[in-house]
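Engineer:
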Amino acid sequence: MTLAPIDSFLSQRSKAGLLILSTLLLAFMGVVDMLSGPELATSVFYLVPIIIVTWYAGFGMGSLTAVAAALVWLGAERYDGVVYSYAFIPYWNMGVRFIFFLLIAYLLARLHDELRSEEQLARTDDLTGLANPRQFRRETEYEIHRASRYNHPFTAAFLDLDNFKAVNDNFGHLVGDQVLREVSDCIKTSLRRPDLAARLGGDEFALLLPETDVEGAHSILERLQESIRTRMRQHAWPVTVSIGAMTFMRPPESVEEIVRRTDRLMYRVKASGKNNMLHDIYRGPTGSMSGPAARQP
């Protein structure tokens with residue numbers, strides 16, 4: 001049995017929804033605790049709503065759930081009529097239980113944050129903060145499936161920096177790294193929230209523009225190209241960018257086909273003088289087309 005459906009369900013719930021769910025679980029636990037009496041141990045089950053809320057809503061919400069769990073446990077004990085030698089003991093026990101619940105919530109929240117941090121590092125390029133090739137491939141595969149299901153276009157583009165080797169040779173690799181970071185910043189500010197940018201390695205970048213037709217993609221890429229030109233001039237770096245883009249009106253068979261077609265366009269730009277953009281349209285296995293409107297001088 002896989003937990004993926006449960007994880008998917010809980011991940012899609014709002015904080016309010018998770019709080020309602022935890023309240024219902026705690027109410028159920030309180031009723032069970034009252035009916036079973038003090039002889040039957042139920043402490044571990046109080047952790048379930050705390051774990052759920054902390055993992056999916058954070059430590060703050062988990063702390064509130066810990067308070068509620070301690071109070072429900074106290075209420076169940078009072079209902080069962082448990083007699084203590086001193087009146088303060090049930091409240092002391094409640095405090096100890098709350099501290100225990102809070103500690104569990106804190107450790108779980110730290111674990112969650114560490115896992116998310118590791119996942120982020122596994123998906124991103126260290127130098128630029130953009131996605132790495134593995135993440136680009138994963139997201140592109142997902143976009144192919146989405147395009148097949150909903151019949152919408154998407155655009156992929158490859159970017160290669162012109163004269164980047166000259167920058168490394170003349171100014172050093174530290175300046176070369178700065179160039180890559182500046183270009184990455186231009187990419188981030190030029191793209192929309194749903195778009196994906198990745199550094200493939202060296203001075204090559206890839207873009208994935210979901211649900212974007214040729215006109216929309218061309219507008220984004222023109223804006224990006226001009227942004228990079230302006231930034232490079234500000235630093236007096238002799239760097240321009242060559243772009244090969246393909247708008248897929250119908251999804252291709254694989255990520256490899258996207259890479260092959262887009263990479264080919266980009267190298268055609270490099271071979272014809274660099275500092276340009278070539279944008280084609282893929283309409284299916286019968287072929288693709290490119291027209292004057294798809295070229296930027």
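Sequential numbering of the sequence shown, starting at 1, is according to UniProt numbering. Glycine included, every Cβ here is placed at the ideal spot set by N, Cα and C. These figures come from a predicted structure and were not determined experimentally.
#1: Roughly how far, in whole angstroms, is the beta-carbon of residue 32 from the beta-carbon of residue 23, given that I think they are within contact range, below 8 Å?
#2: For residue 84, count neighbouring C-beta atoms within 10 Å of its own C-beta (all shown protein chains included) and say buried if the count is 16 or more, exposed if not.
#3: Taking buried to mean at least 16 other C-beta atoms within 10 Å of its own C-beta, is residue 220 buried or exposed?
#4: On the three-state DSSP scale, how would you describe residue 278?
#5: Skipping 5 residues on each side, what residues in its chain have a beta carbon closer than 6 Å to that of residue 199?
#6: Using only the alpha-carbon positions, how far apart do residue 97 and residue 30 sit?
#7: Helix, strand or coil for residue 42, going by three-state DSSP, please let me know.
#8: Does the Cβ-Cβ distance between residue 251 and residue 117 come in under 9 Å?
#9: Evaluate contact between the stretch 134 to 148 and the stretch 236 to 246, counting only Cβ atoms and requiring at least three cross-stretch pairs below 8 Å.
#10: Give the DSSP-derived three-state secondary structure of residue 130 in the structure shown.
#11: Out of 194, 277, 75, 158, state which residue places its alpha-carbon closest to the alpha-carbon of residue 203.
#12: Consult DSSP for residue 3 and reduce its assignment to one of helix, strand or coil.
#13: Does any C-beta atom of chain C lie closer than 9 Å to the C-beta of residue 234?
#14: How would you write the range of the beta strand (DSSP E) that residue 199 sits in, first residue to last?
#15: Drop a sphere of 10 angstroms on the beta-carbon of residue 9, count the other beta-carbons inside from all chains shown, and report buried for 16 or more, exposed for fewer.
#16: For the candidate residues 135, 210, 185, 72, whose alpha-carbon lies nearest to that of residue 151?
#17: Return the residue from the list 74, 269, 239 that minimises the CA-CA distance to residue 226.
#18: Whole angstroms are fine: how far does the CA of residue 115 sit from the CA of residue 154?
#19: Run through the DSSP bridge pairs and tell me what residue 306 is partnered with.
#20: Classify residue 242 as buried or exposed, calling it buried when 16 or more other Cβ atoms lie within 10 Å of its own Cβ.
#21: Hey, out of 105, 163, 107, 76, whose CA is closest to residue 93's CA?
Structural biologist: From the atom records:
#1: 15 Å between Cβ atoms; not a contact.
#2: exposed
#3: buried
#4: strand
#5: 125, 128, 130, 205
#6: 15 Å
#7: coil
#8: no
#9: no
#10: coil
#11: 158
#12: coil
#13: No chain C is part of this structure, which consists of one protein chain only.
#14: 196 to 201
#15: exposed
#16: 210
#17: 239
#18: 31 Å
#19: The chain is shown only over 1 to 297; residue 306 falls outside these bounds and no answer can be derived.
#20: buried
#21: 76
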